[in-house]
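Take a look at the structure set out below.
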Amino acid sequence: LKFAAPVLTLILGKLAAFGFMTHVAAALPAETALAAHQIVLSLFFFLSPCLEVISQTAQAFLPLYYAGRDAAKTDQNKQDWNHASNALASKLLNLGIVIGMFASTAAASVPLFFSNFLTNDATIQHAVKPLALPLALAGLLTAPVAVSEGVLLARRELTYLASVYVSSTLLFPMALMRLKKAGGPVSNVWYGFAAFQLFRAICFTGKLWGPNLWKKIFNSKTEKD
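Take this note's numbering: the last position of the sequence shown gets the number 233, and nothing is skipped along the way.
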């Protein structure tokens with residue numbers, strides 16, 4: 009239960025985000041808004057497994073490093089295990105960003121250049137083109153989110169993960185409801201989702217790599233002084 013409850017929070021948070029996005033898209037006055045949203049949502053679901061597999065890789069291999077660190081009998085051995093785990097996590101993050109760039113570019117090119125493959129309706133083809141950029145941004149930002157999420161799960165940082173998901177899941181629908189009242193274009197729904205992913209990416213990567221980054225900055229300043 010200690011592990012299942014936070015993970016369930018993650019799953020429900022994702023489902024709630026996509027559910028609210030679809031609800032708002034359906035409520036917008038444009039007749040093609042929901043159809044365009046559904047096409048782009050399907051493309052996002054298509055690229056997501058490319059990044060989720062890296063998250064699963066982190067969950068599969070990093071616990072071995074943490075177990076080795078906990079079993080180490082000297083401080084030096086613990087530091088070695090920590091350095092090794094951090095190096096692997098950094099490699100996975102870099103790999104995720106590279107894959108995210110290719111996957112998001114490929115997904116965004118479909119509504120931009122090949123929308124006729126998805127629908128014969130010219131109005132929907134036109135409506136889906138403005139969603140290409142926010143789809144690319146959301147897909148790219150999903151890379152650090154997915155990788156960091158996998159690392160945090162491997163480290164059993166479950167309370168932190170759940171708190172970020174709860175806070176972001178509460179804030180995102182509030183922003184979407186304002187968009188619904190304004191009757192804005194459906195592209196704003198996806199720009200909102202990109203901002204949602206950016207918030208989580210900052211929280212997750214900051215938790216993992218922020219302290220070391222600040223140490224490097226602080227040490228470089230002290231050396232100059």
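Each residue gets a CB set at the ideal place from its N, CA and C atoms; glycine is no exception.
- The residue among Ala146, Thr131, Asn94, Leu72 with its C-alpha nearest the C-alpha of arginine 208 is Ala146.
- Under the rule that a run must span 3 or more residues, no beta strand (DSSP E) segment is found entirely inside the segment 21 to 61.
- Inter-residue distance for asparagine 90 and arginine 77 is about 7 Å (C-alpha atoms, whole angstroms).
- Taken in chain order, the unbroken stretches of alpha helix (DSSP H) that lie wholly in the segment 148 to 214 and span 4 residues or more are 166 to 190.
- Taking a C-beta distance under 9 Å as the contact criterion, leucine 187 and asparagine 196 qualify as a contact pair.
- Comparing alpha carbon positions, the residue from Ser112, Arg163, Val15, Lys215 closest to leucine 139 is Ser112.
- Ranked by Cα distance from leucine 16, the first of Lys81, Thr213, Val136, Ser171 is Ser171.
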